[in-house]
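> Per UniProt numbering, the sequence shown runs over residues 1 to 220. Heads up, the beta-carbon is just placed ideally off N, CA and C, and yes, glycines get one too. I'd like to ask some things about the structure below.
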Amino acid sequence: MSLYKRYVDDILVIGERMEDINCLLNKFNTIQNHISLSCEEEKNDQLPFLDVLLSRREDGSIKRFIFRKPTWTGQYLSYYSYCPVQYKRGLVKCLFNRLRRICTNDAIDDDVKLLTMTLIGNGYPPKFINRWKVMGTVRPAVVLVEKKPVYFTLPFRGDSNSLLLKQRLKSVINKTYCAAKVMIKERTRSMLHSKPRRHENDCVTSHCVYQFKCVCGHTY
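In structure tokens, the structure reads:
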């Protein structure tokens, strides 16, 4: 085998002969009776793997496209849907970044045109698409002054409540004191006390059984 790649339960294998691939498939299927693997061969010099369509060039090298299933309808989040605009910006950025990551240089133009027309069909204005399809540059964070740690001790009130409280506290501190680094420590109260509390006067103790001794010698 010249290539073996696996992602979860999808496997991509390149071999010299189909007999070798079938032999490998039979070995896989004999490992576990409850698991049965199927094999898909390339057709017309093309083979899909996950969301990538691999196409063989004349020189034997690989050309990559975006793979779309036959059931693909091109329907995405509508531009006119009632939701925050950052979701729509994020959709345009995500689709074009995925396209740049997968497609080779000689295949990217066709997929860019198809994706642009698909988004226009979902109501997205061309100006909106052109603005947010460009890959932005990530500015590295510049630390001018080292932040000083500020420690807080909070009572633990469950995972969800503690997470929400920590997020809100960090947000407030970071907005107000930029030079502070929030360090949060959670504590829990002990369920059992090592020293049980005792009353000074046993006559006022509750939830117990009293014993009285009569002058006749009997106890009650």
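Taking the alpha carbon of A180 as the point to measure from, which residue in Y210, K148, V215, T116 has its own alpha carbon closest?
Here the closest residue by C-alpha is K148.
> Within the chosen definition, does the segment 154-172 reach the segment 117-128 through at least 3 CB pairs nearer than 8 Å?
No: fewer than three Cβ pairs fall under 8 Å.
> In whole angstroms, what separates the C-alpha of C39 from that of W72?
C39 and W72: Cα-Cα distance of roughly 22 Å.
> Please report the distance separating the alpha-carbon of K93 from that of I120.
For K93 and I120, the distance between alpha carbons rounds to 15 Å.
> Kindly indicate which three-state DSSP category K147 falls into: helix, strand or coil?
It is coil, neither helix nor strand.
> Over the uninterrupted beta strand (DSSP E) stretch that includes F96, give me the two end residues.
F96 -> not in any beta strand (DSSP E); alpha helix (DSSP H) instead, spanning 85-102.
> What is the residue span of the beta strand (DSSP E) that V52 lies within?
Where V52 is concerned, the enclosing beta strand (DSSP E) stretches over 52-56.
> Can you give the beta carbon distance from F65 to D111, rounded, assuming they're within the 8 Å contact cut?
Indeed, because the Cβ distance is near 6 Å, the residues count as touching under 8 Å.
> Flag this pair as yes or no: are the beta carbons of Y151 and Y79 separated by less than 8 Å?
No, these two residues do not count as a Cβ contact at 8 Å.
> When the Cα atoms are used, what is the spatial distance from L165 to K133?
Using only the alpha carbons, I get a separation of about 36 Å.
> Contact check, L91 vs L77 under 8 Å by CB: the rounded distance?
Right, their Cβ atoms sit about 5 Å apart.
> Is it buried or exposed for C83, if we count other Cβ within 10 angstroms and need 16 for buried?
It is exposed - the Cβ of C83 has fewer than 16 other Cβ atoms within 10 Å.
> P126 by DSSP, collapsed to three states: which one?
P126 falls in the helix class under three-state DSSP.
> Per DSSP, E40 is paired with what?
The partner list for E40 (beta bridge, DSSP) is empty, contrary to what the question assumes.
> When you compare each of T153, S162, K175 to M183 by their alpha carbons, which one comes out closest?
The shortest Cα separation from M183 among T153, S162, K175 belongs to T153.
> Taking all protein chains shown into account, do 16 or more other C-beta atoms lie within 10 angstroms of the C-beta of C103, making it buried, or fewer, making it exposed?
With 16 or more Cβ atoms within 10 Å of its Cβ, C103 is classed as buried.
> Measuring CA to CA, which of L50, L24, K27 is closest to Y7?
The shortest Cα separation from Y7 among L50, L24, K27 belongs to L50.
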